[in-house]
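The block underneath contains the structure these notes are about, expressed in structure tokens.
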Amino acid sequence: MSGLQGLAQENIWFDKSRYDEAERRFYEGVNGIPQTSQSQNASKSEDQSELVSRLKSLELDNKNLHKVVDDLRSMLSKLESRMAVLEKSQTPAAKTVTVTKAAPVQKPKVEEHNGADDDDDDDIDLFGSDEEDEEAERIKEERVKEYAQRKAKKPALIAKSSILLDVKPWDDETDMSKLEECVRSVQMDGLLWGASKLVPVGYGIKKLQINCVVEDDKVGTDLLEEEITKFEDYVQSVDIAAFNKI
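1052 is the number that my numbering gives the last residue of the sequence shown; the numbers go up by one with no jumps.
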């Protein structure tokens, strides 16, 4: 058992391939087989395989270059055809262009005056006369009067407002149709009543929401509220829900 344990501890069993290779070389040396020839053959085979791989890569590159050249040729032919079409389309347009000749410049005519004409020019008043000034002043006054008349005929703008009123009754037993009738009975110069509706407030009570248009110079909101609240049997209060200028 001690011998087996000793053999188990030897490393020779784990490097068996190396020892087999050494044994093969030993017997080859004894038999006179040169080892250099085998190494040369191996190097030659490696060189041949490398050369074959390089040739294959060169063939692949050559194919790719041929493809690129073919693509460039096709693109060039397309460009040449387009240029030919453009040249044909532009040629008739260039022929139709007409050249307009510039009109000859006319020289101002110089009138010759004799001595008699010069004598007549001396009699002309270069600064005008008082009669012309009076005529211009009269025309100016007439135009001012016409402008004032046109301006007076234009109607003056009337400022108006749209008001939305909330008219509240005393309780749910108030006759709302009678309340609306009382509100619409308020008539003033510059007051125009519009649409109305009943809006629930709560506990069965509804308020009257009514719209009206008033002229600002004739009807004021305070006066309108005062006239509506005179119907105190039906109206508890009046509030302005919305106010917009027209």
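Backbone N, C-alpha and C define an ideal beta-carbon position, used for all residues, glycine too.
Closest to Lys-1036 by C-alpha separation, out of Val-858, Leu-985, Ala-1001, would be which residue?
For the residues Val-858, Leu-985, Ala-1001, the minimum Cα distance to Lys-1036 belongs to Leu-985.
By a C-beta neighbour count over all protein chains shown, 10 Å radius and 16 as the cutoff for buried, is Ile-964 buried or exposed?
Exposed is the call here.
In chain order, which continuous runs of the beta strand (DSSP E) of length 3 or greater are located wholly inside the stretch 856-902?
If we require 3 residues or more, the stretch 856-902 turns out to have no beta strand (DSSP E) run fully inside it.
Spatial neighbours of Thr-980 within its chain, please: CB distance less than 7 Å, with the 5 preceding and 5 following residues excluded, ordered by chain position.
If we look at Thr-980 and ignore the five residues flanking it on each side, its Cβ neighbours are Tyr-1040.
What is the rounded straight-line gap between the Cα of Glu-952 and the Cα of Ile-945?
Approximately 11 Å, taken between the alpha carbons.
Roughly how many angstroms separate the alpha carbons of Lys-884 and Ser-855, rounded to a whole number?
Distance between the alpha carbons of Lys-884 and Ser-855: 44 Å.
Determine the DSSP secondary structure at Val-782, reduced to helix, strand or coil.
The chain is shown from 807 up to 1052; residue 782 falls before or after that span and cannot be answered.
Considering only heavy atoms of the ligand SAM, does any lie closer than 7 Å to the CB of Lys-984?
Although the ligand SAM was asked about, the structure shown includes no ligands whatsoever.
For Ile-1052, does the count of other Cβ atoms within 10 angstroms reach 16, so buried, or fall short, so exposed?
The residue is exposed, with fewer than 16 neighbouring Cβ atoms inside 10 Å.
Taking C-beta to C-beta, are Leu-970 and Gln-1042 nearer than 8 Å?
Result no, Cβ atoms of Leu-970 and Gln-1042 do not sit closer than 8 Å.
Using CA atoms only, rank isn't needed, just tell me which of Val-989, Val-1005, Leu-1004, Pro-1006 is closest to Leu-998.
Minimum Cα distance to Leu-998 is reached at Val-989.
Indicate the three-state DSSP secondary structure (helix, strand or coil) for Leu-1030 in the structure shown.
Helix, per DSSP.
So what's Ala-965 in DSSP terms, helix, strand or just coil?
Note: Ala-965 maps to coil in three-state DSSP.
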